[in-house]
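So the structure is just underneath, and the comments pick up after that.
Take a look at the structure:
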């Protein structure tokens with residue numbers, strides 16, 4: 013019996029072009045400072061909500077139906093500052109935090125988590141911290157890079173205007189030799205709540 017095709021899936025909020033472009037400039041400033049790491053392409057810089065992992069193709073119709081049931085308000089968000097996950101001393105990720113309607117975003121994440129769980133997926137039980145991943149590290153950057161990176165990037169973050177988000181996207185991620193590629197499989201809800 014053949015194995016069913018698996019898709020690596022996650023849910024995220026897309027960024028407008030202006031914000032993706034600003035983050036691309038920010039990454040350009042970070043490259044000589046970090047001197048290493050894997051950089052996401054600017055078109056692949058969303059605010060991740062939930063990682064579903066490897067999912068059988070046959071589950072997609074039920075997932076898509078369930079995601080259309082999630083109500084999402086319009087959110088006004090803006091970039092905050094450069095952050096390191098899980099912490100600056102053992103960073104595996106350099107990211108940009110977000111501020112603005114974060115309480116509404118965290119509520120959306122929680123409601124979405126209930127739907128994801130009801131669909132049979134395991135939830136990540138770490139506290140949700142909204143962010144946009146810029147760089148992944150195999151080894152943490154040197155500690156002296158942290159303040160230098162903050163100084164080099166804060167003006168770009170401060171200059172980026174707030175943005176509105178009223179939909180989330182179900183993505184399939186694939187990997188090639190250079191980086192991950194994200195393909196949208198659906199956008200939800202059909203219309204945000206005003």
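In the numbering used here, the protein residues as written are 13 to 206.
Yeah, the Cβ is synthetic: ideal placement off N, Cα and C, and Gly gets one too.
Please read these numbers as outputs of a predicted model, since none were measured by experiment.
- DSSP, read as helix, strand or coil, puts residue 194 in strand.
- Setting aside the 5 residues that flank it on each side, residue 162 is surrounded in the same chain by 94, each with a C-beta closer than 6 Å to its C-beta; the list follows chain order.
- Residue 173 is bridged by DSSP to nothing; it lacks a bridge partner.
- One Cα belongs to residue 136, the other to residue 21, and the distance between them is close to 14 Å.
- Counting the other Cβ atoms within 10 Å of the Cβ of residue 103 gives 16 or more, which makes it buried.
- Listed as beta-bridge partners of residue 65 by DSSP are 21.
- For residue 92, the enclosing beta strand (DSSP E) has its first and last residue at 87–97.
- The alpha-carbon of residue 72 is positioned some 31 Å away from that of residue 35.
- For residue 114, same chain residues with a beta-carbon under 8 Å away, outside a window of 5 residues either side, are 89, 142 in chain order.
- Counting along the chain, residue 121 sits inside the alpha helix (DSSP H) bounded by residues 114–130.
- Between residue 149 and residue 27, the CB-CB gap reaches or exceeds 8 Å.
- Close CB contacts of residue 76 within its chain, under the 6 Å cut and outside five residues either way in sequence, are with 198 (chain order).
- Of the other Cβ atoms in all chains shown, fewer than 16 fall within 10 Å of the Cβ of residue 155; this residue is therefore exposed.
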